[in-house]
Structure formats: structure tokens, C-alpha cells
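Peer 1: Numbering (the numbering used here), first residue to last: 110 to 455.
C-beta atoms are modelled at their ideal positions from N, C-alpha and C, and glycine is treated no differently.
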Ligand code: FES
Ligand SMILES: [Fe+2]
């Protein structure tokens, strides 16, 4: 597969950040598996309903725990039935038996060797958030956007996987002047001139704002054209505003070096039919429009990209700002030296 053609140094994951990895409502009584950062992760709920994220490979002999079941808040491996509590401890080894001092007692004695590798995860705003990076005494707060609706009553959430590296997926999200070309059948009449266009960087936030309009040789009259604003909370959180009442956000996270998962949510604060409208908006976006993005991004060479891989123009300022930020983060990561990832949750 072409994803193996990624150049040396590319495809590194940005560490020390929160990523949205799943729709929390998908994690119910059954365990759920997601693949992120080249790691298969199982999500389940402990006896209090709190979310647990752990490496999916069973510590015993590696079977995928997501194929098992949850019993009393512990995940049971589908292979030999070993059970692991939400705190990661192995609490049952059925083949050892209770009467022979095995089972639970022996499992307790098994200690770290048979414990789950857990990740820092949170449930917030209906999403599962994963901390990808070394454990710290205090983790930064979960990033969110100002001015978003207070709850998910009028929202719909969906997810897709793109056969596109993370940096290219983020380029696609931050880019606006592709719209009249890559989405031509769906947005007839949108102009190709991006003017005005403004990009501001504040800490790890990139604000972009502009108007896509027809090039009539005149300065912008303040009215005509298609207004948009995109805000990025580095590395992968985006708020998307394209006029109107719909508020949208998307969160990207690497599946592995060559693929990206996108969770997107639209809010339509309209009584009764708001959620249905949000669903419809997302349906159009992800089944009609976004396949055009994936197609061009997957076709782009080099497969992954950074500051040097492209020849940027003024209208790429948002994309360039993201690449610069990524380069600075990766440089700082490398300077900190080799780390052990993933690090177990406390
Ligand atoms: S592989 Fe999981 S219990 Fe044996
Ligand atoms: Fe697009």
C-alpha cells in the first residue's frame, strides 16, 4: 500500500495533546475497539460507568479484548476468560480455579505483568478524549470552543476514516480555496477568489477567517461572497462556521501513520427538527462533499507533507500556520529525547 511510502521523519504523531477518539454514546454495555496512533485500543465502562481506555491486546497472550464482554465492570478476554477491572488489575484467571488458590487470589498476585496498559481518557461533551503523551502530574484541560451550544440536544455526530495521513487531513480541513474546484458539483456559483483572508495564531490556536467570492476586480463590498471561519485547537480540533445557524466541529486523530479518523458534529439550534437537520447536514457533508476531499488528499504527493513539501501561496496561510506549529511541536518532542509511549494511566 502507498501508505508505506511515507518519507523518513514524516508521520510522527504529535504527543502531549488531547484527541477525540470516539463518540461516547457508542460505548455501552459492550466493549468497543478503536485504532489510533497505530495502537488498537479497547474502550469499556467500569462498574461505576466510568470510561476505561486500554491497549486492546490481552496481557496474557494477546487476544483482542474488544471481542470479549464486560462482566460487572471488568472486561473478560474472549480467549481464556481472564478478567481485568477498570483500574487495570487482572481479577480472574479461570484456568487456575478458585479452590486451588488460583483465580482471583492468584490474579491479584500476578501484579503488573498481567495488568492492562491503560490510557488517560475522559468523557466530555459526548466524546471520548484520549491523552496521547507521557503522563504528567496535571494534564491540561480538554480543549473546547467558545460560543458552542451548551449541550448536544440539537446535535448529530458522525465519524469517517480517511486513507490519508493526519497532516494531509488537517490541510484539507483548513483549506478553503479548493471548494469551487474539488466540490464543483455541490457548490455551483461559489467564486474562486479568497479575499479578504486573515489568519491569526494565538498560542496553540489558529484562527482563520475569510470570504470566497467572484473576482470582479473590485475590493470586497462587505456583503457578497461566501463567508467562513475555521478555528483550530492544535493539533486536531476544528470549529467550522460557514454562515447560517449551523455550528460545526470536527476532530481528527491519526489511526496510524497513513490514515486519519475524523469525528464531526453539527449543531442546529432549532426546536424539534434541529437534530434531524444536523443529521442531514452531516450526511450531505460526509457522503457527498467530503469524498472529494479524501480523493484529492489521498492522491497528493508526497503522501505526507510538511512546510517544505509544498509551495504555499497567500491563500494557504492557515495550512502553513498549522504545519509550522506541527514542526515546532515535533522538534520539541525530539529534543526531550526518547520516551516510553503509551504511558499507563494513574
Ligand atoms: S489471551 Fe486473553 S485470556 Fe488468554
Ligand atoms: Fe473540502
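If I follow the unbroken alpha helix (DSSP H) through residue 138, where does it start and stop?
Peer 2: The count along the chain shown starts at 1 and reaches residue 138 at position 29. Note, residue 138: premise wrong, no alpha helix (DSSP H); not H, not E.
Peer 1: Report yes if the CB atom of residue 149 is closer than 8 Å to the CB atom of residue 132, and no otherwise.
Peer 2: Working through the chain shown from its first residue, we reach residue 149 at position 40. Working through the chain shown from its first residue, we reach residue 132 at position 23. No, the pair does not count as a contact, with Cβ atoms beyond the cut-off.
Peer 1: So what does DSSP say about residue 409, is it helix, strand or coil?
Peer 2: As a first step, residue 409 must be located in the chain shown, where it is residue number 300. Here residue 409 sits in coil by DSSP.
Peer 1: Determine the direct distance from the alpha carbon of residue 308 to that of residue 331, and round the result to whole angstroms.
Peer 2: Here the question's residue 331 lines up with position 222 in the chain shown. Here the question's residue 308 lines up with position 199 in the chain shown. Approximately 18 Å between the Cα atoms of the pair.
Peer 1: Who are the Cβ neighbours of residue 197 in its own chain at under 6 Å, not counting the five residues just before and after it?
Peer 2: The residue given as residue 197 occupies position 88 in the chain shown. So the qualifying residues of the chain are 224, 225, 227.
Peer 1: Output needed for residue 290: all residues of its chain with C-beta closer than 8 Å, excluding positions within five of it in sequence on either side, in chain order.
Peer 2: By 1-based counting over the chain shown, the position of residue 290 is 181. The answer, listed in chain order, is 301.
Peer 1: Can you find the residues in the same chain that come closer than 7 Å, C-beta to C-beta, to residue 296, ignoring five residues on each side of it along the sequence?
Peer 2: Position 187 of the chain shown, counting from 1, holds the residue named residue 296. Cβ within range, chain order: 288, 289.
Peer 1: Quickly, what does DSSP pair residue 375 with across the bridge? List them, please.
Peer 2: Locating residue 375 in the chain shown gives position 266, where the first residue counts as 1. Paired residue(s): 265, 357.
Peer 1: Give me the Cα-Cα distance between residue 322 and residue 304, rounded to the nearest whole angstrom.
Peer 2: In the chain shown, residue 322 corresponds to position 213, counting from 1. In the chain shown, residue 304 corresponds to position 195, counting from 1. Taking the straight line joining both Cα atoms gives about 7 Å.
Peer 1: Note down, one range per segment and in chain order, each alpha helix (DSSP H) of at least 4 residues found wholly within the segment 231–285.
Peer 2: For the segment 231–285, whole alpha helix (DSSP H) runs of length 4 or above, ordered along the chain, are 275–283.
Peer 1: Starting from residue 338, trace the beta strand (DSSP E) in both directions and tell me its first and last residue.
Peer 2: Translated into the one-based positions of the chain shown, residue 338 becomes position 229. Start and end: 335–342.
Peer 1: Out of 334, 339, 233, 281, state which residue places its alpha-carbon closest to the alpha-carbon of residue 401.
Peer 2: Locating residue 401 in the chain shown gives position 292, counting from the first residue. Minimum Cα distance to residue 401 is reached at 281.
Peer 1: So, under 8 Å CB-CB, residue 145 and residue 362 are touching, yes? Tell me the CB distance rounded to an integer number of Å.
Peer 2: Indexing the chain shown from 1 puts residue 145 at position 36. Indexing the chain shown from 1 puts residue 362 at position 253. The pair is a contact, with the Cβ atoms about 5 Å apart (cut-off 8 Å).
Peer 1: Counting contacts by CB-CB distance shorter than 8 Å, is residue 368 in contact with chain B?
Peer 2: Given the protein chain composition of this structure (a single chain), no chain B is represented.
Peer 1: Let me know if residue 175 comes out buried or exposed under the rule of 16 or more other beta-carbons within 10 Å of its beta-carbon.
Peer 2: Here residue 175 refers to the residue found at position 66 when the chain shown is read from its first residue. Buried: at least 16 other Cβ atoms inside 10 Å.
Peer 1: Taking contact to mean at least 3 C-beta pairs separated by less than 8 Å, is the segment 310–324 in contact with the segment 340–350?
Peer 2: They touch, by the three-pair rule.
Peer 1: For the candidate residues 434, 257, 134, 192, whose alpha-carbon lies nearest to that of residue 359?
Peer 2: Locating residue 359 in the chain shown gives position 250, counting from the first residue. Comparing Cα-Cα distances from residue 359 to each of 434, 257, 134, 192, the minimum goes to 257.
Peer 1: Give the single residue among 428, 244, 370, 441 whose Cα lies nearest to the Cα of residue 130.
Peer 2: Stepping through the chain shown from its first residue, residue 130 is reached at position 21. Checked all of 428, 244, 370, 441; the closest Cα to residue 130 is 370.
Peer 1: Do residue 253 and residue 231 have their C-beta atoms within less than 8 Å of each other?
Peer 2: Taking the chain shown and counting its residues from 1, one reaches residue 253 at position 144. Taking the chain shown and counting its residues from 1, one reaches residue 231 at position 122. Their beta carbons are not under 8 Å apart, which means residue 253 does not touch residue 231 by this criterion.
Peer 1: Does the segment 409–423 come into contact with the segment 163–172, if we say contact requires no fewer than three beta-carbon pairs (one atom in each stretch) closer than 8 Å?
Peer 2: Not touching, per the Cβ criterion.
Peer 1: Examine ligand 1 and report whether any of its heavy atoms sits within less than 7 Å of the Cβ of residue 172.
Peer 2: Taking the first residue of the chain shown as position 1, residue 172 is located at position 63. Yes.
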